[in-house]
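Data block below; observations after.
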Amino acid sequence: MTKKRVIILIVIIATGFIAGRLAMRAVGNLLLGGTMFGGNIL
Amino acid sequence: MKKGAFIALGIVTFIVSFGLGAASKLLKSPQMKKYSVKWNESLGTLQKDISYGEGEAQKFDLYLPKDDSKKSYGLAVYIHAGGFTSGDKSEDEEMLSWLCSKGYVAAGINYTLADEKNHASVLTQSNEIKAAMPKVVEAAKEAGYPIDKMTIAGGSAGHALAMIYAYRDGADAPVPSVVAYGAYDKMQPFAASKRLKSALEENHVDYKYFVLPHSGHGLQNDNAISLKWIQTVEQYLDKYMPLE
Chain U
628 MTKKRVIILI VIIATGFIAG RLAMRAVGNL LLGGTMFGGN IL
Chain G
322 MKKGAFIALG IVTFIVSFGL GAASKLLKSP QMKKYSVKWN ESLGTLQKDI SYGEGEAQKF
382 DLYLPKDDSK KSYGLAVYIH AGGFTSGDKS EDEEMLSWLC SKGYVAAGIN YTLADEKNHA
442 SVLTQSNEIK AAMPKVVEAA KEAGYPIDKM TIAGGSAGHA LAMIYAYRDG ADAPVPSVVA
502 YGAYDKMQPF AASKRLKSAL EENHVDYKYF VLPHSGHGLQ NDNAISLKWI QTVEQYLDKY
562 MPLE
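For the protein sequence lines, the chains are U and G, in the order given.
Taking this note's numbering, the leading residue of the first sequence gets 628, the next gets one more, and so forth.
Taking this note's numbering, the leading residue of the second sequence gets 322, the next gets one more, and so forth.
Here you go:
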């Protein structure tokens, strides 16, 4: 695998990991509160 | 590797990374794990569903520590959450097991959950907690664990019932208090906690007040402050209910 492709995969891993955490945070905020726009469904 | 295969690899890598990132958000830090103990018989004895009244919900669980040789014990009561309409004492088993593992007699108390038919209210629920307390103490004594001091805590609705017991029904005031609130909490409006803070201040209560600036009612986004908060709870337990 070329160096360029390795770098692309590393960027994908970092982006995916952060996006996963942000998605969970968004769901948590929606259910448990934590946004400026409401939330607190539970 | 062909371009198509690399693109497929990239997509799979993203999905796996996304899943790992999401899962990592749910993980407890090693320091927080200390405060969630799975119940097992090496901790002591667990007596479940002891009745304190005639109501179907009027039951409590009693966690009795292994060491039954002391002259007296501190009682730690935890009241479950659920917006006064749902929830169960079993949801707090790990917290209660932790308290028991420290050497306290611990109790989780159920109360009649409000629905459209039963007219249960915060007032009637708080009176149930008040009525339950002598029965909890009596059951502990009967099991060989005389109680000489107590603390009470809870989350959300349980916190409200715990505060009512502590400040309305408790024997002595002021009651040392450790509280935590989410700055974005709209369920139990954050502004109310500021009024509580002022009241604690004015009445010279030994208190600690934690604000979780990125969290709502679930206190879910400020792990470092959550850790400090639970550590402070433990410090207050050590200070006001020292284990001899």
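C-beta atoms are modelled at their ideal positions from N, C-alpha and C, and glycine is treated no differently.
Neighbour flag for residue i against chain G, beta carbons, 8 Å
i	result
U/Ile639	yes
U/Ala653	no
U/Ile635	yes
Short CB-CB distance (under 8 Å) between residue i and chain U
i	result
G/Tyr306	Nothing in the structure corresponds to residue 306 of chain G, since chain G is present only between 322 and 565.
G/Lys515	no
G/Gly475	no
G/Gly537	yes
G/Leu341	yes
G/Met454	no
G/Gly465	no
G/Phe327	yes
G/Asn361	no
G/Leu542	In the sequence under discussion, the amino acid at residue 542 of chain G is Asn, which differs from the Leu named in the question. For G/Asn542, the answer is yes, since a Cβ of chain U falls inside 8 Å of its Cβ.
G/Leu347	yes
G/Ser338	yes
G/Met353	no
G/Met322	yes
G/Thr334	yes
G/Met508	yes
G/Gly331	yes
Reference residue i; option with closest CA among the options
i	options	result
G/Val398	G/Gly429, G/Lys518 and G/Ala452	G/Gly429
G/Asn448	G/Tyr384, G/Asn544, G/Ala481 and G/Lys324	G/Ala481
G/Phe381	G/Lys354, G/Leu444, G/Ile450 and G/Asn361	G/Ile450
G/Asp413	G/Trp360, G/Leu385 and G/Glu437	G/Trp360
G/Lys410	G/Ala441, G/Trp550 and G/Ile400	G/Ile400
G/Glu437	G/Thr445, G/Val443 and G/Thr406	G/Thr406
G/Tyr394	G/Ala464, G/Ile468, G/Met353 and G/Ser514	G/Ile468
G/Met471	G/Leu396, G/Glu415 and G/Ile485	G/Leu396
U/Val654	G/Gln541, G/Ala460 and G/Pro495	G/Gln541
G/Ala513	G/Arg489, G/His538, G/His525 and G/Gly491	G/His538
G/Gly491	G/Ala474, G/Arg516, G/Ala461 and G/Ala326	G/Ala474
G/Gly408	G/Thr433, G/Thr445 and G/Tyr466	G/Thr433
G/Tyr466	G/Tyr486, G/Pro495, G/Phe339 and G/Thr366	G/Thr366
G/Tyr505	G/Ser536, G/Pro495, G/Ala464 and G/Glu463	G/Ser536
G/Leu485	G/Thr445, G/Ile336, G/Asn439 and G/Lys323	The sequence given here has Ile at residue 485 of chain G, not Leu. Of the candidates G/Thr445, G/Ile336, G/Asn439 and G/Lys323, the one whose C-alpha sits nearest the C-alpha of G/Ile485 is G/Thr445.
U/Gly660	G/Asn439, G/Phe511 and G/Lys323	G/Phe511
Neighbourhood of residue i by C-beta distance below 6 Å, restricted to the same chain and skipping five residues each side
i	result
G/Tyr530	Val500 and Lys518
G/Met416	Tyr399
G/Lys507	none
G/Ala483	Ile400, Ile473, Ala474 and Gly475
G/Pro495	Asn524 and Val526
Neighbourhood of residue i by C-beta, 7 Å cutoff - its chain only, sequence neighbours within 5 removed
i	result
G/Ala452	Tyr373 and Gly374
Cβ shell of residue i (< 8 Å), same chain only, five flanking positions each side left out
i	result
G/Ser553	What sits at residue 553 of chain G in the sequence shown is Thr, not Ser. Cβ within range, chain order: Val499, Lys529 and Phe531.
G/Lys355	Trp419
G/Met353	Asn544, Ser547, Leu548 and Ile551
G/Ser363	Lys387
G/Tyr561	Lys470, Thr472 and Pro497
G/Gly376	Thr433 and Glu449
Inter-residue spacing [alpha-carbon to alpha-carbon] between residue i and residue j
i	j	result
G/Pro351	G/Lys369	29 Å
G/Gly503	G/Gly403	17 Å
G/Asp527	G/Ser345	36 Å
U/Met651	G/Ala343	6 Å
G/Leu521	G/Lys349	31 Å
G/Val443	U/Leu636	55 Å
G/Asn431	U/Ile634	55 Å
G/Leu558	G/Glu523	23 Å
G/Ile371	G/Ser357	23 Å
U/Asn656	G/Glu555	28 Å
G/Cys421	G/Pro497	21 Å
G/Gly325	U/Thr629	15 Å
G/Gly476	G/Leu383	19 Å
G/Ala441	G/Ala435	5 Å
U/Arg632	G/Pro534	40 Å
G/Ala487	G/Phe339	45 Å
G/His525	G/Ala378	37 Å
G/Leu564	U/Leu649	42 Å
U/Phe644	G/Leu347	13 Å
U/Ile639	G/Gln509	40 Å
G/Ala478	G/Ala461	25 Å
G/Lys323	G/Val337	21 Å
CB contact check: residue i to chain B, cutoff 8 Å
i	result
G/Glu415	Protein chains in the displayed structure are U and G, and chain B is not among them.
Discussion item. Assess contact between the region 385 to 403 of chain G and the region 328 to 344 of chain G, defined as three or more Cβ pairs (one per stretch) separated by less than 8 Å. Is contact present?
Written reply: no
Worksheet item: Below 8 Å, can you find three or more Cβ-Cβ pairs linking the region 445 to 457 of chain G to the region 411 to 425 of chain G?
Response: Fewer than three pairs of CB atoms, one per stretch, sit closer than 8 Å, so the region 445 to 457 of chain G makes no contact with the region 411 to 425 of chain G.
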